[in-house]
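Chains as they are written, first to last, in our numbering: chain L, 1 to 194; chain R, 1001 to 1194; chain V, 2001 to 2785; chain S, 3001 to 3785.
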Amino acid sequence: MTIIEPRQIAGVAGPETASGSIRRAKHSVRIIGRRGMGSMGWGDGIRKAKHPVLIIGHRAAEIDIDDKKMLDYLLELAQKGNISVIATPHTNPALLERDYTKAGIMPAIEIGHRLTDPDWKGIDGKGPYDLAIFAGLPNYMESTILSGLKHFAPQIRTMTLDNTYQPHACWSFSNISGRDWLENLKAIIEHVED
Amino acid sequence: MTIIEPRQIAGVAGPETASGSIRRAKHSVRIIGRRGMGSMGWGDGIRKAKHPVLIIGHRAAEIDIDDKKMLDYLLELAQKGNISVIATPHTNPALLERDYTKAGIMPAIEIGHRLTDPDWKGIDGKGPYDLAIFAGLPNYMESTILSGLKHFAPQIRTMTLDNTYQPHACWSFSNISGRDWLENLKAIIEHVED
Amino acid sequence: MTDKGINLKIRELQSDIGKIKDLEISIGKFRQDNWTELQGPTPFPSMTALRNWDKKLLARYQPFYLPFSDHCDLCTYGKCDLTGNKRGACGINMSTQQSRTYLLAACIGAATHTSHARELVTHTIQKFGSDHLLDTGGLAVGVEAPTIRLVCGIKPETLGDLETVLDYLENQLTQLLSATHTGQEGNHLDFESKVLHAGMIDQVGMEVADIAQISVFGFPKADPDAPLVELGMGVVDTKKPVILVIGHNVLPAINIIDYLKDKRLSDEVEVTGICCTAIDATRYSPKAKIIGPMSWQLRYIRSGIPDVIVVDEQCIRCDSLIEAERIRAPFIATSEKNCLGLTDRTRDPADEIVADLVSGKAPGVLILDPDKVGEVAVRTACAVAPERKKSGTLLPSQEIIDYAKICTQSNMCLVCQRACPNELNIPESIKAAGQGNFRKLIDIYDECAGCARCEQVCPQEIPLYTMIVSAAAQKMREETFKIRTGRGAIQDTEIRKVGGPIVLGDIPGVVAFVGCSNYPKGGQEVAEMCMEFAKRRYIVCTSGCSAMSAGMYRNEEGKTAYEMYPGSFEAGGIVNVGPCVANAHISGAAVKIASIFGRRPLRGNYEEIADYVHNRVGAVGVAWGAMSQKAASIMSGFWRLGIPVVVGPHGTKYRRMLLGRADREQDWYVHDRRTGEKVYVGPVPEHLFFAAETKEEAMVMIAKLCMRPNDTVKGRATKLTHYIDLHRKLFGTIPDDIHLFVRTAMDVPVTMKGEITRVLEERGWKETIIPDPTLLSHQIIKKEL
Amino acid sequence: MTDKGINLKIRELQSDIGKIKDLEISIGKFRQDNWTELQGPTPFPSMTALRNWDKKLLARYQPFYLPFSDHCDLCTYGKCDLTGNKRGACGINMSTQQSRTYLLAACIGAATHTSHARELVTHTIQKFGSDHLLDTGGLAVGVEAPTIRLVCGIKPETLGDLETVLDYLENQLTQLLSATHTGQEGNHLDFESKVLHAGMIDQVGMEVADIAQISVFGFPKADPDAPLVELGMGVVDTKKPVILVIGHNVLPAINIIDYLKDKRLSDEVEVTGICCTAIDATRYSPKAKIIGPMSWQLRYIRSGIPDVIVVDEQCIRCDSLIEAERIRAPFIATSEKNCLGLTDRTRDPADEIVADLVSGKAPGVLILDPDKVGEVAVRTACAVAPERKKSGTLLPSQEIIDYAKICTQSNMCLVCQRACPNELNIPESIKAAGQGNFRKLIDIYDECAGCARCEQVCPQEIPLYTMIVSAAAQKMREETFKIRTGRGAIQDTEIRKVGGPIVLGDIPGVVAFVGCSNYPKGGQEVAEMCMEFAKRRYIVCTSGCSAMSAGMYRNEEGKTAYEMYPGSFEAGGIVNVGPCVANAHISGAAVKIASIFGRRPLRGNYEEIADYVHNRVGAVGVAWGAMSQKAASIMSGFWRLGIPVVVGPHGTKYRRMLLGRADREQDWYVHDRRTGEKVYVGPVPEHLFFAAETKEEAMVMIAKLCMRPNDTVKGRATKLTHYIDLHRKLFGTIPDDIHLFVRTAMDVPVTMKGEITRVLEERGWKETIIPDPTLLSHQIIKKEL
Ligand code: SF4
Ligand code: SF4
Ligand code: SF4
Ligand code: SF4
Ligand code: SF4
Ligand code: SF4
Ligand code: SF4
Ligand code: SF4
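Dropping the structure here:
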């Protein structure tokens, strides 16, 4: 059993935290969700969402996974899973480089705030989101925003795809190596397509 | 995997907590110790201690396990494992009822304080303790004292035999049922004898 | 602070307009002409002025830190992990962080009393004038403000004089608070010294508050025969309109009582109260009724009895407005400190406010002028009561049973129990309730702290707290007790009578039960302890929530503590000084013993007086359910005077104890004032801040902590008798540390001689002398030989 | 507080001793005879006096809470789990708890400035007399204390006048702090209102502090040409004895400088400083040198350069004494707030203290009289320097390599990185260092916040921080920069010149870079932002740590920001007002624009002025590395004036943002003062407290937040140009919310007409009018038709 600790050493959350373990084999990505989430797996979590949104921070364009950037995997996921994307403003240049122009642009803190409003119709105006997937924000900022959502957006499930454990999310990897991360991202991408 | 949560819902500790799982079979009592404790099992933890002490609070005389009191098991453990006992004052009448007069008597908070002094020779004057086993104190008071020791008595390992999870201890059960508790206590008692 | 007083003296002035001779104008200074006492060394002491005294205490009574959290998140460098004395990003370590956190709590507590005092003083000056004379007990109280005299070195005579004191307090609090900023104080013992300073400031603040209100509102003035008033939920005449006042600031309650008198409605409307406001209301009018301590808030509201709820400040549940709405009781908030998001209606006509409250258009209002509250509260209560009385809010038995049945404890749910501060076995009681047996639910009512956390967490959304209260409905109706209302200060004459016996040890001790109601097993334990010590002829004092709990229990004879024992400050008395701010009279009594009986100079002479109290006055504070930041500061004030405090097990959550080490002989030497010699006196008092696991442990510890180096042999023998007797009774054995407390053979209680002598022999006990004890080398009197 | 001023008038007095005619004595009152301005509605406002204004702001700018911890442990009922808006044992819920925590931080911050101000005022009164006139800029500054006038409704003329202001502040802080007690304020928005009150109190406190010290110490007085002084670790002449002063209270530093002057040693000894004390030391003597902001503390100490370390108060590492011992530098603590457990040597002869420090008998001392510090510090530095200079404290390359080799990162250790607030990749840099390549370690130096948490946690006990500093030794020596020292207030004449352009929008904005150095990627980003906005002819202000960071970067031409741009308050100026307390001059400038240019009455007229500032003055605060509780209170002061603040990503740890909702049209209506109509003005400014993810995001947001409803079409066009241009440059597209900011076709920047018009059409944009904007209905002027 891997002991799951928050990425930042003192990042102790509270009673309700994501918890569980992660396996290395394809297709077996599992982090037991936050209490109350049941044991829904990642792919299920995404597939069952009616209106998921992927929120991409600027670090996604900086961080290498294998020979690509984290951002590339995220865009692949968005496409395969048909997930709308909100990029934080400073992430946008990297999207444009990739000719990706479908993303909404909004600062992370504004996204967080609006998600707490159950009446917010989303950046696409298509109605409230029910799953917010975060990736590529500075770890500590992502953590505070996820905490805000945990407490004040009970109607939304949260997921993070960073390779660091975020106890405030419903689904989070533990602190995993680049290799594990790659395999698991790939597995999730495959799974949402299924 | 049992998710281990502090007994008191908001009893979130911090980065260093006891963690792990507990099995039901005899002889397989295992809670992985606090980080840095390695994977030493309970029995080992006790047997390898040079000068262990068992600190018994008044609730040990109140709580039933099976058809005996918790106190009875503790005294059995003390005897089999040749562990010196400090009872908190209000526990003493129950010891006297059982004709047990070997215990030192000292308030829990004084014990905690003295254990932080690496030069304290123990209530028996035989030299510093290296393992302090707590049982039968009010849960929250035991927790604060264990926290004090975690931070200020690095030279001492701590264990609790209550059926509630104490994240500040080196060894702790998770929040377990009376039946599991009984089996595990018995297993430990057997194991220290081995 | 610079001295802002102005003293203008003109011996002779000849000018165009005239000639002046011997004109003297003093402003902002106290007319202290008839106070001949010399100014001591530390009037208006700064944050470090008494640091040396603090260091002496802290060398003996070491902080034992019990971190409640492993990390710090006070600034954006955080969270920082401080486990195992790692340092945070600002360089702080765990012990320093814990002491900082305690200081923060003490500052909050002291600020609360001080700002409360400020409000009372400002209000009373507006009404009665700055020159209104202070009067806390007529001729019986010469030392009207022992703490102010001691700390500030002034002798306040009027309400206006108190303003200068408040300026000083606010100034010191600002400085103390600033020390908690990231990157300020870096040493835990210096933080602890600041904690003690905050405690002293707090005591002054409390004294200001209580002497101001006593002086103007006709409260009992140091009156041992303050009236016995009604206490408990059962004392309310629920047929009348019922007003509930909650909090600490009596001004709105007074206005309600005045309005009722004015309109000749006093007998038509019930004024009931919770927390200190309740005590003060009965000090103002014995017709007011006290429901109970803080932990009674929710049960009383859920009972549905109050028709209107008026809250002022401090210890008010943050969900009081929501709870009021639940029982459809109109709600009035009256304090700037607790506005609850309500619309400020202070300037609206009473008619409109009452109409809105009665119609439910406004579930609650904010009225910041206490003098407007009475009319609104009374008229609203009278208007809504008839309709409200028609429907109850408690659950009928069948509903309790039905709810109990949806509990999922069979799946090891138990989260209600895990959320309960006292780990009460709610699941079991719910199980029984499901079978129609409410006994266990009622038992929970007895030990319940009234926090409703169980109800908050139940995944089945079972209304657990309402069920507890409903099951205990009958019991609630039977809660009819008596309490002697707050008498205020201790008379000088009383001090003269008991000063000697206390200092010599003939009276075994003064035990003060103070503070909040976060009890481990309900309030009855407080009552039992009070009775036991009164029976043993200790002087027992009470205040605040503990004063109420002390009265909420009847002995075999069916009498409450206050009916059993007199209210005078004497052996076997049970002395309710009053609300939390009246705590100043308890420490003030210790100070007065030093001054009146011990004849030590008081004025600006803190260190010597504290040294006197610590070594001679066998007083112990007990805050069995200490919960709040005010309790944190109140206790700190006692510590700085060297008076030990015992708390219940929840008290460990204050994050640190101050513990002596009886086993370290070197810690227990004092100077003999007469000879200058260093003399071993044993661990007396052994601890300064001690958390007991159980009531029994507390009682034995209290008896032990009453010993002082100065005890005469007779006094020590008396104190030992109680210590050993309680130990034997409660723990079954005689204590194993008796040898530490016996100085000469004469100290040994005659009745226990055989036994004790055996112990002494076993332990290789040696006789020692009884000094004229002091911790201060400059207190040594060079003896002229 | 009642009015304690005394005004004694005697028209004629005939008595035994003589006759007086027309005697008038005023004490404690301000001689305001020549201030004809009418008193406004809220002089010395109470905690709730401005609650309605706060509610207006908070209705628009909703708190978004980001709990940093799921539980509360403020009292012994705790810990309480508040997850998902569960209520704690006291009934509090999560949002209320978060706002309470913020209030606590703001109180600590404001208390810190206020107590600092108190110390300065008390000290300067002792030295210069209560009647010493205030002078913050001679004739150039008519409105000497805009914030005091605005808030208190008085016009201070002397040092003594400031004492009454301080009494008020301390009183309010005590009340605010008391509101955080368990069971006081129960509503989060009322807590937020109190936060704003604390911020306002803080601004007054800062103003008091800075105008007092400016008035007596000959600091630059509103001087745009304040001297350029030296900045950086490389500017120290390490051959001389080096004194390091750290903190915020300049008194000991002044005494050091005076002593050096006195002894003609000014050129023989280096006086270097960190944090605000450093800025103030250079305001006193431009020979003093500024090392850098707070995050430079540890690196400078570890460099071994300082021979003596003198600390005063605030933002001083709690391990400063330990770190000083490590480099064997004698240590002097000088503040009651930070005694560090040291022996108080205040009353000992300097000779003895110096001897003990030099011999190492005392590694450190406490000296509480600033006037004694100079001699001790200088003599000690001179005595120890020769010996100290002989041995270095940094690690030679080989040792760095050796240490690097024991790193166990190959086992996925990584705890250093996990402990790092910025998650810097220390393991990788250590790996490279182990191979002799220090490049990555040096990169870490650039982004490092200097917290040493990495070093604290390394299980291999590798001295990581020393390694970083050692690797960067060469780089440190090259840190030679310039900073214009703190100029103090803004002149009335400057305000007259720029007031119009600002209010009309011709100057695109005033951007103030303030606060601490907890930067996400090092200080260079602050310098880059300053330069960018100065280049775009915004008015750029700086203060505190940010003022230093702004100077620690050279552009392509090798020039620092302060060398590139003038120090005057004008378009394209970079205006270092001074230390943290000088922040009051920045908000003061906004207030002065309302008063001097806008001709709005100032005296006790907070609401109207804030409404003016909020709707007309395009100012934005940027606290890129905001870390402390002082930063928390400073920001709150800006918010109450309606001025938005942008923080870096760490700023989310303040636990809540104040965010507007551009998508909710109903939130963005104002009254037109002229007509009384409600007019939609778009989301300007969109947020009140915003955390940006990156510098780029911050810059675009800053440009956007400078827009105000009152902008003229020309002004709006200018502001839009910068907003759109920055957005395009940094994010690659034009913003998708332009339509919200264009009111009439004339608002559209000519150069971008085509593009924008397209967007407007797409969005179905409609023209609206430009009102005379106000949020206050009572500000509507009934037009006479
Ligand atoms: S105050 Fe110190 S320990 Fe606490 S969070 Fe800030 S840097 Fe960390
Ligand atoms: S309300 Fe009573 S039973 Fe429920 S959690 Fe609180 S103390 Fe326990
Ligand atoms: S929390 Fe609710 S469901 Fe669970 S055991 Fe308690 S009462 Fe039953
Ligand atoms: S004793 Fe404690 S709970 Fe009771 S009123 Fe006083 S502070 Fe509040
Ligand atoms: S203040 Fe309230 S929420 Fe916090 S610990 Fe106390 S009871 Fe719980
Ligand atoms: S000292 Fe620098 S590198 Fe080390 S943890 Fe702190 S910020 Fe990171
Ligand atoms: S903490 Fe120490 S051992 Fe671990 S990776 Fe960092 S430098 Fe290496
Ligand atoms: S800006 Fe922040 S870190 Fe710097 S000195 Fe001021 S409060 Fe301290």
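All C-beta atoms, glycine included, are put in the ideal place defined by N, C-alpha and C. Predicted, not measured: the structure shown is a model, and the values here were computed from it.
CA-to-CA distance, residue j to residue i, given in whole angstroms
{"i": "S:Gly3234", "j": "V:Val2195", "result": "42 angstroms"}
{"i": "S:Glu3525", "j": "V:Val2208", "result": "53 angstroms"}
{"i": "S:Thr3485", "j": "S:Asp3223", "result": "10 angstroms"}
{"i": "V:Ala2631", "j": "V:Met2707", "result": "24 angstroms"}
{"i": "R:Gly1127", "j": "V:Gly2660", "result": "20 angstroms"}
{"i": "L:Lys121", "j": "S:Ala3110", "result": "40 angstroms"}
{"i": "V:Glu2767", "j": "V:Val2681", "result": "11 angstroms"}
{"i": "S:Ser3335", "j": "L:Arg157", "result": "50 angstroms"}
{"i": "V:Pro2771", "j": "V:Asp2672", "result": "5 angstroms"}
{"i": "R:Leu1182", "j": "R:Asp1066", "result": "7 angstroms"}
{"i": "V:Thr2083", "j": "V:Leu2776", "result": "38 angstroms"}
Cross-strand partners of residue i (DSSP beta bridge)
{"i": "V:Arg1986", "result": "Since the first and last residues shown for chain V are 2001 and 2785, residue 1986 of chain V lies out of range."}
{"i": "R:Trp1171", "result": "R:Met1159"}
{"i": "S:Met3746", "result": "According to DSSP, which records beta bridges pairwise, S:Met3746 is partnered with nothing at all."}
message: Short of 8 angstroms Cβ to Cβ, which residues in the region 1162 to 1183 of chain R face chain V?
response: Asn1175, Ser1177
field: Cβ-based contacts, 7 angstroms cut-off: residues of the region 1089 to 1104 of chain R near chain V
entry: Pro1089, His1090, Asn1092, Pro1093, Leu1096
task: Please specify which runs of the beta strand (DSSP E), each continuous and at least 3 residues long, are wholly inside the region 3207 to 3266 of chain S, giving them in chain order.
output: 3228 to 3231, 3242 to 3246
- prompt: Taking three-plus beta-carbon pairs below 8 angstroms as touching, is the region 3062 to 3069 of chain S in contact with the region 2287 to 2297 of chain V?
  reply: no
- prompt: Using a beta-carbon distance cut-off of less than 7 angstroms, what residues from the region 2675 to 2698 of chain V approach chain R?
  reply: Those residues of the region 2675 to 2698 of chain V that come within reach of chain R (Cβ to Cβ, closer than 7 angstroms) are Phe2690, Ala2691, Ala2692, Glu2693, Thr2694, Glu2696, Glu2697.
query: Is there contact between the region 3189 to 3205 of chain S and the region 3145 to 3165 of chain S, where contact requires at least three CB pairs shorter than 8 angstroms?
result: Yes, the region 3189 to 3205 of chain S touches the region 3145 to 3165 of chain S.
field: Continuous alpha helix (DSSP H) assignments of at least 4 residues falling wholly in the region 63 to 100 of chain L
entry: 70 to 81, 92 to 97
field: Contacting positions in the region 134 to 163 of chain L - beta carbon closer than 8 angstroms to chain A
entry: The structure shown contains no chain A; its protein chains are L, R, V and S.
- request: Decide yes or no for the touch test of the region 2451 to 2470 of chain V against the region 2178 to 2194 of chain V: beta carbon pairs closer than 8 angstroms, at least 3 of them.
  value: no
message: Assess contact between the region 2618 to 2625 of chain V and the region 2545 to 2562 of chain V, defined as three or more Cβ pairs (one per stretch) separated by less than 8 angstroms. Is contact present?
response: yes
Alpha helix (DSSP H) runs wholly inside the region 3292 to 3358 of chain S, at least 4 long, in chain order: 3297 to 3302, 3320 to 3326
- prompt: Which of the residues in the region 45 to 64 of chain L, read from start to end, lie with their CB under 8 angstroms from any CB of chain S?
  reply: Listed by position, the residues of the region 45 to 64 of chain L near chain S (Cβ gap below 8 angstroms) are Gly57, His58.
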